[in-house]
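Protein chains in written order, with my numbering: chain H, 267 to 464; chain Z, 16 to 116. Positions of the beta carbon are idealized from the N, C-alpha and C atoms, including for glycine. Each remark here refers to the structure printed beneath this line.
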Amino acid sequence: MNLGQAYFWICAALAVIGAVAAVAAKNPIRGAMGLLLMILSVAGLFLALHAQFLAAIQLIVYAGAIVVLFLFVIMLIGPAASTPPDKRGLPSRIVGAGIFALSGIGAMVLLVRSALAAAAAAPDAGTAPPLPPSDFGGIDTLGRVLFTHGLVPFELSSALLMVAIIGAVAVARGKQSDPTVAAKTAEPSKTRAKEIAS
Amino acid sequence: MITTNSYVLLSAILFTIGGIGFLVRRNVIVTLMSIEVMLNAVNLALVAFNRSMPKAHTGQLFAFFLIAAEAAEVAVGLAIVISIFRLRRSVRTDEADLLKN
């Protein structure tokens, strides 16, 4: 086993451990830490796949923004964020998850079988794909592709983020965003200010 | 050496873990985290396929836009979680039944 294989297996094991922790943790803070572990190991796998720019984006956007957002919301909600397990509707949930797991395991079996068949057909050819050019996945080339082939989706994604920010503010603000309520609460203070002034 | 198949297999494992968590857990925050796990698995598969065909950057471009869409999804999703918590004092998915009846 050489260094690249050891790197892959370590990152893969950490990603699976982090995913299981994120999904199964009773305490959501521990779940967020598991999510962080998975995100960091997936960023490591991006580096092994010659996607340096995406690895940096993964660290900035996921580890820097999304996990922190999760932690903020968990702390805002407080102790109610960790709900005790409830048994209502457990059989239907188990059946649904079991069907999903069976289809996932079926996909994995197909993958392993095709890999074994390819290895049996050509024992020496079933190795890693050929090395890409040295600028593959760097910020230079990917930025060039982004602003030539992906210009329209890029602009659309900026519009999507803008709409999401406005929507998040509008949804999370709650009842105080209602203008009539705001006017009602503002009026007495205004009249009181006038009384004090007179 | 590690082939594309191993990466896709790892991606399938992560996606299945996330999907099971999404279907079994009742906590909205954990459900959102499961969606994150699933989308990360998809990103890993896209980048791995791009690595096996390094002529173009299509897979990495797609993964980039997926990350942007996911940031928007998490922002709106967590805003909805806070809104439901204000109304119901709970983060369980089955207590968010305002449209029932």
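Reduced DSSP secondary structure (H/G/I, E/B, other) of residue i
i         : result
Asn42(Z)  : strand
Met68(Z)  : coil
Pro399(H) : coil
Ala90(Z)  : helix
Thr349(H) : coil
Ile432(H) : helix
Thr451(H) : The predicted model places Thr451(H) with a pLDDT of 49, which falls under 50 and marks its position as unreliable; any figure quoted below should be read in that light. Here Thr451(H) sits in helix by DSSP.
Asn20(Z)  : helix
Ala288(H) : helix
Asn15(Z)  : Because chain Z spans 16 through 116 in this model, residue 15(Z) falls outside it and cannot be assessed.
Leu315(H) : coil
Leu113(Z) : coil
Gly416(H) : coil
Gly74(Z)  : helix
Gly297(H) : helix
Gly34(Z)  : helix
Gly409(H) : helix
Gly404(H) : coil
Leu102(Z) : helix
Ala272(H) : helix
Cβ separation of residue i and residue j, assumed to be a contact under 8 Å, to the nearest whole Å
i         : j         : result
Val91(Z)  : Ala430(H) : 5 Å
Leu303(H) : Leu280(H) : 6 Å
Ala434(H) : Val106(Z) : Contact doesn't hold; Cβ gap of about 17 Å is too wide.
Met53(Z)  : Leu301(H) : That pair is no contact at about 12 Å.
Val308(H) : Asn55(Z)  : 5 Å
Gln75(Z)  : Ala317(H) : 6 Å
Val57(Z)  : Ala363(H) : Contact doesn't hold; Cβ gap of about 19 Å is too wide.
Phe37(Z)  : Ile50(Z)  : 6 Å
Ile432(H) : Phe319(H) : Not quite, the Cβ-Cβ distance comes to about 28 Å (not below 8 Å), so this is no contact.
Ser21(Z)  : Val437(H) : At roughly 41 Å, the Cβ-Cβ gap does not stay under 8 Å, so Ser21(Z) and Val437(H) are not in contact.
Ala321(H) : Tyr273(H) : Not a contact, Cβ separation roughly 13 Å.
Ile343(H) : Ala298(H) : That pair is no contact at about 13 Å.
Leu59(Z)  : Leu311(H) : 6 Å
Ile117(Z) : Phe366(H) : The requested residue 117(Z) is not part of the displayed model; chain Z covers only 16 to 116.
Ala285(H) : Arg296(H) : That belief does not hold up - the Cβ atoms of Ala285(H) and Arg296(H) are roughly 13 Å apart, past 8 Å.
Val378(H) : Leu24(Z)  : 7 Å
Leu427(H) : Ala87(Z)  : 5 Å
Arg41(Z)  : Thr349(H) : 7 Å
His72(Z)  : Leu397(H) : Actually they are not in contact, since the Cβ atoms of His72(Z) and Leu397(H) sit about 16 Å apart, beyond 8 Å.
Val361(H) : Val45(Z)  : With 8 Å as the limit, Val361(H) and Val45(Z) do not qualify as a contact, their Cβ atoms being about 20 Å apart.
Leu243(H) : Phe420(H) : Only positions 267 to 464 of chain H appear in the structure, and residue 243(H) is not among them; the question remains open.
Ala63(Z)  : Ser26(Z)  : 7 Å
Leu422(H) : Val89(Z)  : Not a contact, Cβ separation roughly 18 Å.
Gly370(H) : Phe30(Z)  : 7 Å
Paired residues, beta bridge with residue i - DSSP
i         : result
Arg107(Z) : Asn42(Z)
Cβ-heavy atom distance, residue i to the ligand MN, below 8 Å
i         : result
Ile365(H) : With respect to the ligand MN, the structure shown offers nothing to examine, as it has no ligands at all.
Along the segment 82 to 98 of chain Z, where does the CB come closer than 7 Å to a CB of chain H? Name the residues. Ile82, Ala83, Ala84, Ala86, Ala87, Val89, Ala90, Val91, Leu93, Ala94, Ile95, Val96, Ile97, Ser98
Taking a cut of 7 Å between CB atoms, which residues from the segment 423 to 440 of chain H lie near chain Z? Ser423, Leu426, Leu427, Ala430, Ile431, Gly433, Ala434, Val437, Ala438, Gly440
Determine which residues of the segment 267 to 278 of chain H have a Cβ less than 7 Å from any Cβ of chain Z, and write them out in chain order. Gly270, Gln271, Phe274, Ala278
Entirely within the segment 332 to 388 of chain H and at least 4 residues each: give me those alpha helix (DSSP H) ranges in chain order. 333 to 343, 356 to 387
The segment 24 to 41 of chain Z: which residues have C-beta closer than 9 Å to a C-beta of chain H, in chain order? Leu24, Leu25, Ala27, Ile28, Leu29, Phe30, Thr31, Ile32, Gly33, Gly34, Ile35, Gly36, Phe37, Leu38, Val39, Arg40, Arg41
Using a Cβ cut-off of 8 Å, which residues of the segment 302 to 324 of chain H contact any Cβ in chain Z, in chain order? Met304, Ile305, Val308, Leu311, Phe312, Ala314, Leu315, His316, Ala317, Phe319, Leu320, Ile323, Gln324
Please identify, using Cβ separations under 8 Å, the residues of the segment 41 to 55 of chain Z that lie next to chain H, in order along the chain. Arg41, Asn42, Ile44, Val45, Leu47, Met48, Ser49, Glu51, Val52, Asn55
Please list the residues of the segment 352 to 375 of chain H that have a C-beta atom closer than 8 Å to any C-beta atom in chain Z, keeping them in chain order. Asp352, Arg354, Gly355, Arg359, Ile360, Gly362, Ala363, Phe366, Ala367, Gly370, Ile371, Ala373, Met374
So if I threshold CB-CB distances at 7 Å, which residues from the segment 59 to 80 of chain Z count as touching chain H? Leu59, Val62, Ala63, Arg66, Ser67, Pro69, His72, Gln75, Leu76, Ala78, Phe79, Phe80
Short-range partners of chain Z found in the segment 394 to 411 of chain H, where Cβ spacing is below 8 Å: Ala394, Pro395, Pro396, Pro398, Pro399, Phe402, Gly403, Thr407, Leu408, Val411
Going along the segment 280 to 295 of chain H in order, which residues come within less than 8 Å of chain Z, judged by CB to CB distance? Ala281, Val282, Ala285, Val286, Ala288, Val289, Ala290, Ala291, Pro294
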